[in-house]
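Asker: Just passing along the structure, written as structure tokens.
Numbering (my numbering), first residue to last: 513 to 609.
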């Protein structure tokens, strides 16, 4: 059985603006096992980039991950220290634009 490298469960990322709340990522769930490749496709504005930025904990203000879990090799990404998140970004994951 393949090891799960990345697991995203019910991820919600929102932007809090003067006009109200924008739900940029609304309940995304998926996993990537060792040896798998995942491509994310969709229409403009559907949340592809915000999902990736959420996984990397790079959501720009006034955005915020409001709920859900992001696990990398079983470790909760949203609870990583600044040093751990730098190591995670530098050694384990990347985003290609």
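All residues carry an ideal CB built from backbone N, CA and C; glycine is no exception.
As the structure is a prediction and not an experimental result, all values here were calculated from the model.
(1) In the structure shown, what three-state DSSP assignment does residue 559 receive?
(2) Find out if the Cβ-Cβ distance for the pair residue 562, residue 589 is shorter than 8 Å.
(3) Give the secondary structure of residue 571 by DSSP, where H, G and I count as helix, E and B as strand, and everything else as coil.
(4) Please state whether the Cβ-Cβ distance between residue 546 and residue 568 is less than 8 Å.
(5) If you scan the segment 578–604 from start to end, which runs of the alpha helix (DSSP H) of 4 or more residues do you find wholly inside it?
Answerer: According to the structure shown:
(1) coil
(2) no
(3) coil
(4) 8 Å or more divides the Cβ of residue 546 from the Cβ of residue 568.
(5) Contiguous alpha helix (DSSP H) elements confined to the segment 578–604 occur at 594–599, taking only those with 4 or more residues.
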